[in-house]
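Working notes, structure below.
There are 2 protein chains.
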Amino acid sequence: MGRPTLNSVAEAAAVSRQTVSNVINSPDVVSPETRERVLAAIEKLGYRPNTAARQMRTTRSQIIGLCIPPSGNGVSGVVLDQFLHSLTATAERFDHRIMLFTAADDEAETAAYADLIASVGVDGFVLTNTHHDDLRTRWLLERELPFVTFGRPWGAEDTHPWVDVDGAAGTRLATDHLVRQGHRKIAFVGWPEGSGSGDDRRAGWAAGLAAAGLGDGPRAAVFDGVEGGRSAAGRLLEAHEPTAFVCASDSLALGVTAELRDRGIRPGADAAVIGFDDTPTASVLGLSSVAQPIADVAAECVRQLRTTLRGEAGAEPATTLFTPHLVLRTT
Amino acid sequence: MGRPTLNSVAEAAAVSRQTVSNVINSPDVVSPETRERVLAAIEKLGYRPNTAARQMRTTRSQIIGLCIPPSGNGVSGVVLDQFLHSLTATAERFDHRIMLFTAADDEAETAAYADLIASVGVDGFVLTNTHHDDLRTRWLLERELPFVTFGRPWGAEDTHPWVDVDGAAGTRLATDHLVRQGHRKIAFVGWPEGSGSGDDRRAGWAAGLAAAGLGDGPRAAVFDGVEGGRSAAGRLLEAHEPTAFVCASDSLALGVTAELRDRGIRPGADAAVIGFDDTPTASVLGLSSVAQPIADVAAECVRQLRTTLRGEAGAEPATTLFTPHLVLRTT
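So the sequence lines, in the order shown, correspond to chains F and R.
Counting from 1, position 242 in the first sequence corresponds to residue 242 in the numbering used here; the numbering is continuous, with no gaps.
Counting from 1, position 148 in the second sequence corresponds to residue 1148 in the numbering used here; the numbering is continuous, with no gaps.
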């Protein structure tokens, strides 16, 4: 038997982890019977719920928590490896450690924060995949817990430290390059509106067209993946006959090149395609792509979090926006 | 200031982490002057060196250490994501956590073990990339520390628990399939001799040829990567004109298909190519490949380590060999 955790309380009370977390953080949303049962289990096991902020101020575990996203991110998954390695190596230089955990959604992730703080005494968190109405950052801010995000607080004020890559600058670089090559019909293949990074990448392409006096360009929004890129390219080719494609990801770009080839259009010769993320697959296939300085992002996340943990953060949250660069290959 | 660690001792004594570890574990290899300095720093900082085994038996941190390999594994990197996610999720079900660390080589990894045990009180370790003369497993065995490896103890007895995938069975499946398709000149593209998993994969191909009465087949050994696959395919085609290729990795297989295309040989139509690892890139490009049940491997690693930690392991180390399966696509 180890220390009692959210898991063991949940098991003892025959409820979910989320319910235990609710009893601790938002007791009103739990029925009185269930609440009783969970509180009894907490007492019986000696679980210390939500000693979070107190514990954080008095002791230092030197441990940083990171929620590892489910795999299946397609070819972009490799970017996570780079991020994890740089994060771990930088943390070690500062005598900190990275502890992994999983969570099915934002709410489960906040339950995991509470658990990690109570059971392990984690010092702070690095968050990835920020998005609009991010309840994780709200939850951490309310409790004044140290964290940093890889990703801007989309649609919200700069109320916490963040590190990000300027996606708009990346697609702008791609678009400017295509304009210089003489392309006039430059399409954008991206994701449905509403995702912070997706809208950001589309904005860079639109700004590039505007700067070149090319007005509105043709664009398609699909879910990420090779099939999405394929269908988007098909529709765009039939309606607008673009000669170049700026894509929000390498997966989309691979779909576009596949569709072009199927139609007898040679990527790199008859049409240009530029992806985003510079995955190993892009390198293998000769796909031009926008490269993010992922190792730098991870190192900066650790440095910012360390500043917070040492109580050396200024009045304004630290924010760092890295500029990506363009890797030109055969497409 | 957090707890003193190997790092802070190393810094205070102006020596490397390895030197501190040597002073603790093999003092004879360190000069008396350096030893003095390191011991003084240990005393001054209150570092608890090598309380390892003792600490492990009395307390449980519920933390499992995993050394994260440097990225740059090419298209195979994504397999690590799957492994990490499954490892973390399974550990959580048993109320354990995964802590990451980095190490440049085996010796640095053992120094990190000592540090993690002394500073964090890690319960045990999961090791990847086992190899001949693996000094990590020897180090852990000598100290009776709990661990499990993803990978067999190549060239050594089964002296510790391990989980692995039967690579030979995978290349045998690939070879048998090609034989059934009517191929008679089936080449193998693998790595230089001496790597456990590489030799294993080559053995499966050789066994498949022998079973079909095809004798010795043409083969080439190169370092992993697309360029290696390319040059191996070129040499094999010129010397032996094989019609099919079994490859030790998807990276090699991608190089083979690229070389075939450059020579006007259509993969899937004029020649068959089968990779190994079933990476997302293979899926995107329609490359046939041998798929490893990575999530199952990770989950089994946690289960075996848990058995050891609970003192429930039998007299013989637990060993689990998973069988891979063949994913046929267009090549």
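Think of the CB as a built atom: it goes at the ideal place given N, C-alpha and C, for glycine as much as any other residue.
Quick caveat, the model's predicted, so the values are computed rather than measured.
- Put simply, of R:F1150, R:A1156 and R:A1169 the residue whose alpha carbon is nearest the alpha carbon of L1066 of chain R is R:F1150.
- Taking the Cα of S1061 of chain R as reference, the smallest distance to any Cα among F:T5, F:R35, F:A13 and F:Y113 is reached at F:T5.
- Remark: fewer than three beta-carbon pairs, one from each stretch, lie closer than 8 angstroms, so the stretch 1169-1176 of chain R and the stretch 1231-1241 of chain R are not flagged as touching.
- The distance from the Cβ of D277 of chain F to that of V79 of chain F is about 6 angstroms, consistent with a contact at the 8 angstroms cut-off.
- For S289 of chain F, the uninterrupted beta strand (DSSP E) segment begins and ends at S288 to A291.
- Taking the beta carbon of D95 of chain F as reference, the chain R residues within 7 angstroms of it are G1002, T1005, N1007 and S1008, listed in sequence order.
- Taking the Cα of V163 of chain F as reference, the smallest distance to any Cα among F:R219, F:T130 and F:S21 is reached at F:T130.
- Less than 9 angstroms separates the beta-carbon of G1204 of chain R from that of G1167 of chain R.
- D1164 of chain R: member of the beta strand (DSSP E) spanning W1162 to V1165, first to last residue.
- For the 9 angstroms CB-CB criterion, S1008 of chain R and Y1047 of chain R form a contact.
- Cα atoms of G1225 of chain R and A248 of chain F: separation of roughly 27 angstroms, rounded to the nearest angstrom.
- DSSP places L1127 of chain R in the uninterrupted beta strand (DSSP E) bounded by G1124 to L1127.
- With fewer than three CB-CB distances shorter than 8 angstroms, the stretch 277-295 of chain F does not count as touching the stretch 182-197 of chain F.
- Segment contact: the stretch 301-311 of chain F against the stretch 1011-1020 of chain R, fewer than three CB-CB distances shorter than 8 angstroms; contact not assigned.
- Secondary structure note for T281 of chain F: its alpha helix (DSSP H) is the uninterrupted segment P280 to L285.
- For P161 of chain F, same chain residues with a beta-carbon under 6 angstroms away, outside a window of 5 residues either side, are V148, Q304, P317 and A318 in chain order.
- By the rule that beta-carbons nearer than 9 angstroms mark a contact, L1260 of chain R does not touch chain F.
- CA-CA distance, A211 of chain F to P324 of chain F, rounds to 19 angstroms.
- In this structure, the beta-carbon distance from D1115 of chain R to P1146 of chain R does not fall below 9 angstroms.
- When the beta-carbon positions are compared, V1327 of chain R and A1291 of chain R come within less than 9 angstroms of each other.
- For a Cβ distance threshold of 8 angstroms, residue set H85, T88, A89 and E92 of chain F lies close to T1102 of chain R, ordered along the chain.
- Below the 7 angstroms Cβ cutoff, chain R contributes no neighbours of L127 of chain F, its closest Cβ being approximately 16 angstroms away.
- A1012 of chain R carries a helical assignment under DSSP once its states are collapsed to helix, strand and coil.
- Annotation for H325 of chain F: the continuous beta strand (DSSP E) segment containing it runs H325 to V327.
- Note that the C-beta distance between T110 of chain F and I98 of chain F is not below 9 angstroms.
- Each of F:R180, F:G155, F:T331 and F:R230 was checked against the Cα of G194 of chain F, and the nearest Cα belongs to F:G155.
- Inter-residue distance for E1043 of chain R and I1064 of chain R is about 28 angstroms (C-alpha atoms, whole angstroms).
- Per DSSP, the beta-bridge partners of P267 of chain F are F:A271.
- Residue burial is scored here from C-beta neighbours: S31 of chain F has fewer than 16 other C-beta atoms within 10 angstroms and is therefore classed as exposed.
- Nearest C-alpha to V1302 of chain R among R:F1094, R:F1245 and R:L1178: R:F1094.
- Ranked by how close their Cα comes to the Cα of R202 of chain F, the residues F:F245, F:L260, F:T34 and F:G213 have F:F245 in first place.
- Note: G1190 of chain R is bridge-paired with R:A1221 in the DSSP secondary-structure output.
- In terms of beta-carbon proximity, V1120 of chain R lines the interface with chain F, with at least one pair separated by less than 9 angstroms.
- If you check the CB distance, G198 of chain F and V179 of chain F do not come in under 9 angstroms.
- At a cut-off of 9 angstroms between beta carbons, L116 of chain F contacts chain R.
- A distance below 7 angstroms between beta-carbons, with the five flanking residues on each side excluded, links D1296 of chain R to the following residues of its chain, in chain order: F1322.
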